[in-house]
Amino acid sequence: MTILIADSGSTKTDWLYTDAEGNSQVIQTKGINPFFRLSDDIYQELKSELFPKVSEVDEVFFYGAGIINTERGNVVKEALSPLYPNAKIEANSDVLAAARALFKHSTGIACILGTGSNACLYNGETVEFGIPPLGFILGDECSGAVLGRKLLGDYFKNVMPEELRKRFAEKYNVSQAGVLEKVYRTERPNKYLAGFAPFLSENISEIYCETLVRKSIIEFLERNVLQIPEARNYRLGFSGSIAWNFKPIIEKAAIEYGFSAPFIIQKPIEHLNDYHTNSKK
């Protein structure tokens, strides 16, 4: 049995192919978000970037941002089906990927902190209760996009401390006009905004940066996790680049809010391979 697993965000897609002997190969392509892209567009991209490396497979498990319902999942399935016509193909949300990677067949609250953010109650098989992320304008608390948005706002409004403003200007050389163009008039502004989040981890010893991250994770906990009924009765887990880079701050905030120390992973992909492999035994 050969298995192809994808963990896709708005920025990039990690693919893990495992052959019948258990040998694995990791492939990376651009982000595939069916909320913004069409099946033919995705198909053409994967035909050139993925198919030459993996031409035959028995099962495909695709997990991605933007798969909020069956309709969006079908956008991805219709792109993959011509490439792998004999394969069983599933398309599920990225939050289900995080849940399966974090908790396998146990219950828990699974959270994503990457380019976007999300949280759900997982019952060991499916997502039982979810909080709508709403994107970086209305929600996505503590996501890379929102952290980047806050940084840029503080930079241009002179809220950021002067020494950090100098570092920020040297690193990114941004102009107000250029940022407004990128955010309001080009595609994938969330990806653009998330590109500024590394500045926080690089300068996390500065009080301004640590405070911005701490307040953001508190916003995430209060506006997402604690909206889940009886949230403190469940184990808490996080996945994603933001979660991984700010692990100590997240652990401290979670404990302060009455949770045990959360389980935090950077990427779900290898844990998903274990989940799907062991599910067949």
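Note that our numbering has the sequence shown beginning at 2, numbered continuously upward. Even glycine gets a Cβ: it sits at the ideal position worked out from N, Cα and C.
query, result
"Residue range of the alpha helix (DSSP H) that includes residue 60", "Looking at the DSSP string, residue 60 is not in any alpha helix (DSSP H); the run it does join, the beta strand (DSSP E), is 60–65."
"Contact under 7 Å by Cβ, residue 336 with residue 43", "Nothing about residue 336 can be read from this structure; the chain reaches only from 2 to 282."
"Among 98, 124, 100, 145, the one whose alpha carbon lies nearest that of residue 108", "124"
"Sheet register partners of residue 26 (DSSP bridge)", "18"
"According to DSSP, residues forming a beta bridge with residue 8", "15, 64"
"Given 8 Å, three or more beta-carbon pairs between the region 192–205 and the region 143–150", "yes"
"Secondary structure of residue 93, DSSP reduced to three states", "strand"
"Delimiting residues of the beta strand (DSSP E) encompassing residue 76", "Careful: residue 76 lies outside any beta strand (DSSP E), inside the alpha helix (DSSP H) at 71–81."
"Endpoints, the beta strand (DSSP E) within which residue 129 is located", "128–132"
"Cβ contact (3+ pairs, closer than 8 Å) linking the region 128–146 and the region 237–255", "yes"
"Helix, strand or coil at residue 84 [DSSP, three-state]", "coil"
"Which of helix, strand or coil DSSP assigns to residue 111", "strand"
"Where residue 137 falls: helix, strand or coil (DSSP)", "helix"
"Own chain, CB closer than 7 Å to residue 233, minus 5 neighbours either side, in chain order", "259, 260"
"Of the listed residues 105, 118, 99, nearest to residue 111 (C-alpha basis)", "99"
"Local conformation of residue 266 per DSSP, three classes", "strand"
"Which listed residue (204, 188, 41, 253) has its alpha carbon closest to that of residue 168", "204"
"Close beta carbons around residue 78, own chain, < 7 Å, minus the five adjacent residues each side", "90, 92"
"Spatial neighbours of residue 33 in its chain, beta-carbon cut-off 7 Å, leaving aside the 5 residues before and after", "9, 14, 43, 65, 77"
"Spatial neighbours of residue 207 in its chain, beta-carbon cut-off 8 Å, leaving aside the 5 residues before and after", "162, 165"
"Residue 102 beta carbon less than 7 Å from that of residue 227", "no"
"Residue burial classification, residue 95 (beta-carbon count within 10 angstroms, cutoff 16)", "buried"
"Under 7 Å between C-beta atoms of residue 276 and residue 48", "no"
"Beta-ladder partner(s) of residue 121, from DSSP", "111, 131"
"Assigned exposure category for residue 181 - 16 Cβ within 10 Å defines buried", "exposed"
"Coarse secondary structure for residue 105, derived from DSSP in three states", "coil"
"As assigned by DSSP and simplified to three states, the class of residue 169", "helix"
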